[in-house]
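Below is one structure; the comments refer to it alone.
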Amino acid sequence: MSVSRVLLLLLLPAAFACSSGESNKDPVAEAKFQNEKRIGDEAITEKQSRDAEYVVNSANRNMFVRDVSQLAQTKSASAEVKALAQSLVAAHAGSQQNLQTLAGQKSIVLPTGLGGDLATSLGQVAALNGASFDQKYTDLLIDVHKKAVDETDDMRDDAYDGDIRQYANQQLPVLKQHLEAAEQLQDKLKK
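In terms of the UniProt record's numbering, the sequence shown opens at residue 1 and continues consecutively.
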C-alpha cells in the first residue's frame, strides 16, 4: 500500500468525525460551499459561479418570505397584512418549486434551511406581535424584495445559463409587484 493511501485511510475517520457537527452550519453558506467545490472541480467559469450564487440567494429569499409570511398570518393585527402574507406564501412556494427544478437540472445545491441575516431577521420578527410585527414585517418584505429585484434584474441580462436568465426574466415582474404591494401596505400602516 502506498503512503498516500495509508494517509487517506487514517484521515478518513477524522473527516467523518468533523462532519457530524454540520447541523450548526449556515445552510446557505453550506450550499454555496458545495456549489463552489463542484464549480472548482469542473473548471466552470466565474459567470457560472455567479449563476449558482443567484440561485442559492433566490432560494434563501423564497424560504424567508414564505416563512415570515406564514408567521404574519397568525401574528398580524391587520387583515390586509394577513391577505398579503397569504398571497406571498403561495407565490414564493411556487417560485421555490420552480427553482428546485431548475437547480436540479443545473446540478446546483440549494440550502436546506434559512441562512445568514435572513435567519436572524426571522427570529427577531417572530418575537413580535400585532402592530409592531406588522411594521417589522413590511420593512423586511421591502428590504428583501428590493434586493431580489436588483439581483434578478442583473441576472436576466447577465446570467451565463439561458434557463437561469429565463427564470430571472419570469420572476422580475412578480418581484416588482410584491415590492410595490409591500410599499403600499407599509404606507397604509403608517397612517
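All C-beta atoms in this analysis are idealised placements derived from N, C-alpha and C, irrespective of residue type, glycine included.
Please report how far the alpha carbon of residue i lies from the alpha carbon of residue j, in whole angstroms.
i    : j    : result
H178 : F64  : 14 Å
V81  : V125 : 14 Å
L141 : Q73  : 14 Å
I108 : K47  : 14 Å
K176 : H145 : 8 Å
A131 : A85  : 15 Å
A182 : D143 : 10 Å
G21  : E30  : Residue confidence is low: G21 scores 44 on pLDDT, short of 50, so the model does not pin down where it sits. No coordinate-derived value is stated.
D139 : D161 : 33 Å
V68  : G123 : 9 Å
K191 : T45  : 50 Å
Can the beta-carbon of residue i be found less than 9 Å from the beta-carbon of residue j?
i           : j    : result
N35         : S58  : no
V55         : L110 : yes
residue 231 : S78  : No answer is possible for residue 231: the residues shown for the chain start at 1 and end at 191.
residue 267 : V89  : Because the chain here runs from 1 to 191, residue 267 falls outside it and cannot be looked at.
L93         : R66  : The amino acid at residue 93 is misidentified as Leu; the sequence shows Ala. Yes, Cβ-Cβ distance for A93 and R66 is below 9 Å.
F33         : K75  : no
Q135        : Q186 : yes
D114        : Y167 : First, the residue type needs correcting, since residue 114 is Leu and not Asp in the sequence shown. For L114 and Y167, no; Cβs fall outside 9 Å.
D51         : I164 : yes
Tell me the residue span of the alpha helix (DSSP H) that contains residue i.
i    : result
P173 : G162 to K190
A131 : G130 to D158
A119 : G116 to A126
- Item | Completely contained alpha helix (DSSP H) runs for the stretch 36-108, where each covers 4 or more residues | 46-75 and 79-106
- Item | Touching by the beta-carbon criterion (3+ pairs, under 8 Å), the stretch 170-189 and the stretch 89-105 | yes
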